[in-house]
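Residue numbers (full-length UniProt numbering): 1 to 293.
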Ligand code: ATP
Ligand code: ZN
């Protein structure tokens with residue numbers, strides 16, 4: 001029962017670190033809704049789609065069970081929620097919500113790799129991911145599960161070390177802990193249900209995925225236009241970051257120079273422009289890309 005009364009459902013975090021960026025992505029894919037009094041469900045006006053707003057921890061289950069067709073969730077939550085049954089599959093990474101699950105220790109613990117954790121207690125909200133990390137390295141340690149404030153565990157003598165999400169490291173530092181080995185690199189991902197939607201909605205589902213993929217790949221991408229001496233064309237195209245094969249066009253009344261247009265998949269920095277100029281490029285324009293398909 002993937003869909004209700006002929007509508008697709010997308011699960012997003014209701015509030016928290018992924019909430020705004022998830023809605024931005026859906027909006028950029030062309031879906032429109034008005035925030036109604038129904039807090040749990042946003043009704044999309046221009047397509048038969050509902051957005052289900054829930055706690056991030058529930059998203060993998062909703063998608064795996066077919067309650068929702070798509071979902072946006074952190075890889076950390078997806079990995080921790082995996083069980084023996086049918087799972088949601090990852091469609092694509094979305095490039096936001098980046099964080100790292102790391103081992104962190106107080107200065108009093110001599111840490112020289114995961115083996116140093118042997119026989120100790122480690123506090124975490126991610127017991128399954130941590131257990132797998134330790135098992136793969138043959139480390140025997142006791143795991144204490146904490147739902148929040150994991151970073152205080154060493155001070156309370158609850159655990160000798162912790163395994164927690166880190167983005168800047170400021171929280172760890174404030175608690176006198178140092179980040180050590182990486183257990184998991186995470187970002188938000190689009191996940192899809194193993195349960196197919198009603199046949200009539202498959203096309204819409206495919207098109208939403210394709211649009212989201214276009215939004216994600218156009219993020220950070222730039223359209224670069226410049227004039228280049230024919231002689232330095234190879235050198236100039238080699239400088240353009242992630243450009244594939246650029247379009248090269250003649251310039252009216254000039255045999256020695258051409259116009260080059262390229263989609264650059266990577267960031268174009270001032271340094272790149274300076275290098276292009278040094279290689280003989282002129283009239284360099286860098287434009288944002290709104291949509292890409
Ligand atoms: P919910 O109420 O939905 O359960 P939560 O408190 O579990 O929310 P948030 O703190 O909003 O979750 O984090 C959601 C996700 O954001 C995390 O699971 C992770 O994928 C990502 N994230 C990015 N940076 C960080 C960070 N510094 N700390 C924690 N999570 C981060
Ligand atoms: Zn959560």
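Think of the CB as a built atom: it goes at the ideal place given N, C-alpha and C, for glycine as much as any other residue.
### Query
Does the beta-carbon of residue 291 have 16 or more other beta-carbons within 10 angstroms, so that it is buried, or is it exposed?
It is exposed - the Cβ of residue 291 has fewer than 16 other Cβ atoms within 10 Å.
#### Entry: Boundaries (first-last residue) of the alpha helix (DSSP H) holding residue 5
Per DSSP, residue 5 lies in no alpha helix (DSSP H) segment and is marked neither H nor E.
### Query
Can you list the beta strand (DSSP E) stretches of 3 or more residues lying completely in the region 240-268, in chain order?
As summarised for the region 240-268, the continuous beta strand (DSSP E) elements at least 3 residues long and confined to that stretch are 247-251 and 254-264, given in chain order.
### Task
Report the three-state DSSP secondary structure of residue 81 (helix, strand or coil).
In the displayed model, residue 81 falls within a helix according to three-state DSSP.
### Query
Does the region 166-185 come within contact of the region 98-118, defined as at least 3 CB pairs closer than 8 Å?
Counting C-beta pairs closer than 8 Å gives three or more between the region 166-185 and the region 98-118, which meets the contact rule.
### Query
Using the beta-carbon count (16 or more within 10 Å), is residue 81 buried or exposed?
Buried, by the Cβ-count rule.
### Query
Applying the criterion that 16 or more other CB atoms from any shown protein chain within 10 Å of the CB defines a buried residue, is residue 154 buried or exposed?
Residue 154 comes out buried.
### Task
Leaving out five residues on either side along the sequence, give the residues of the same chain with a beta carbon under 8 Å from the beta carbon of residue 41.
Counting only Cβ-Cβ distances below 8 Å, and skipping sequence neighbours, we find 50, 51, 52 and 53.
### Message
Measuring only the C-alpha atoms, how far is residue 168 from residue 255?
### Response
A direct Cα-Cα distance of roughly 53 Å separates residue 168 from residue 255.
### Query
What's the gap between the Cα of residue 289 and the Cα of residue 223?
Cα-Cα distance, rounded: 6 Å.
### Task
Would you identify the three-state DSSP class for residue 166, choosing helix, strand or coil?
Residue state, collapsed to three classes: strand.
#### Entry: Alpha-carbon spacing of residue 279 relative to residue 259, whole angstroms
Put simply, the backbone Cα of residue 279 is about 14 Å away from that of residue 259.
#### Entry: Contact set for residue 19: own chain, Cβ-Cβ below 6 Å, skip 5 residues either direction
If you ignore the 5 residues before and after residue 19, its C-beta comes within less than 6 Å of the C-beta of 13, all in its own chain and listed in chain order.
### Query
Is residue 242 near the ligand ZN, judged by its Cβ being under 8 Å from some heavy atom?
Not so, every heavy atom of the ligand ZN lies at least 8 Å from the Cβ.
### Query
How about the region 184-202 and the region 78-92: do they share at least three Cβ pairs that are nearer than 8 Å?
Taking 8 Å as the limit for Cβ pairs, the verdict is that the region 78-92 does touch the region 184-202.
### Query
Would DSSP call residue 24 helix, strand or coil?
Note: residue 24 maps to helix in three-state DSSP.
### Task
Compare the beta carbon distance of residue 109 and residue 142 with 9 Å and say whether it is the shorter of the two.
No, these two residues do not count as a Cβ contact at 9 Å.
### Query
Taking the C-alpha atoms as reference points, what is the distance between residue 272 and residue 239?
Near 7 Å, if we compare the C-alpha coordinates of residue 239 and residue 272.
### Message
Taking 7 Å as the limit between beta carbons, can you name the residues of its chain near residue 47, skipping five residues before and five after?
### Response
Hits under 7 Å: 31 and 204.
#### Entry: Rounded separation between residue 164 and residue 183 - CA only
CA-CA distance, residue 164 to residue 183, rounds to 9 Å.
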